[in-house]
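Residue numbers (our numbering): 465 to 576.
Have a look at the structure below before the remarks.
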């Protein structure tokens, strides 16, 4: 699924992601397909699959928080960033470019 290029991209490292999930400063949205999510996802991530991406379903961050998008390896989350920004969600700027693949390869906890 091709979409508009994001205007602003903030890359979140695995260490930033772990810290943000731990202190609740990051709200993580997984844009992979439901079957991929069911097979394993980063703990705390909610699903908003790119195939049926619903910008209106994206969470709104509270004070001191930000929404971070993730996928398997960074491609779909960039597409979702572009779609969100094109729909007026300029607050959605961040993605985890390593995605679930890098998270799992680093030996981090996986939720099913």
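Beta carbons: idealized from backbone N, C-alpha and C, even for Gly.
What you are looking at is a predicted structure, and each value in this text was computed from that prediction instead of being measured.
* Asked: Could you check where the alpha helix (DSSP H) with residue 540 kicks off and where it finishes?
  -> 539-550
* Which residues in the same chain have their Cβ closer than 6 Å to the Cβ of residue 576, if we skip the five residues on either side of it in sequence? -> 504
* To do: Determine which residues share a DSSP beta bridge with residue 533 and list them.
  => 493 and 559
* Taking one C-beta from the region 566-574 and one from the region 542-553 each time, how about it: are there three or more such pairs within less than 8 Å? -> no
* Which whole-angstrom value is the C-beta distance of residue 549 and residue 498, which I expect to be below 8 Å? -> That pair is no contact at about 24 Å.
* Taking the DSSP output, what are the residues bridged to residue 511? -> 494
* **Coil, strand or helix - residue 572 by DSSP** => coil
* Asked: Per DSSP, residue 500 forms a beta bridge with which residues?
  -> Per DSSP, none; premise fails for residue 500.
* Assumed close pair residue 495, residue 533 - CB separation to whole angstroms, cut-off 8 Å -> 6 Å
* Asked: Should residue 466 be labelled buried (16 or more other beta-carbon atoms within 10 Å of its own) or exposed?
  -> exposed
* Asked: Leaving out five residues before and five after residue 468 in sequence, what residues of the same chain have Cβ atoms less than 8 Å from its Cβ?
  -> 546, 547, 549 and 550
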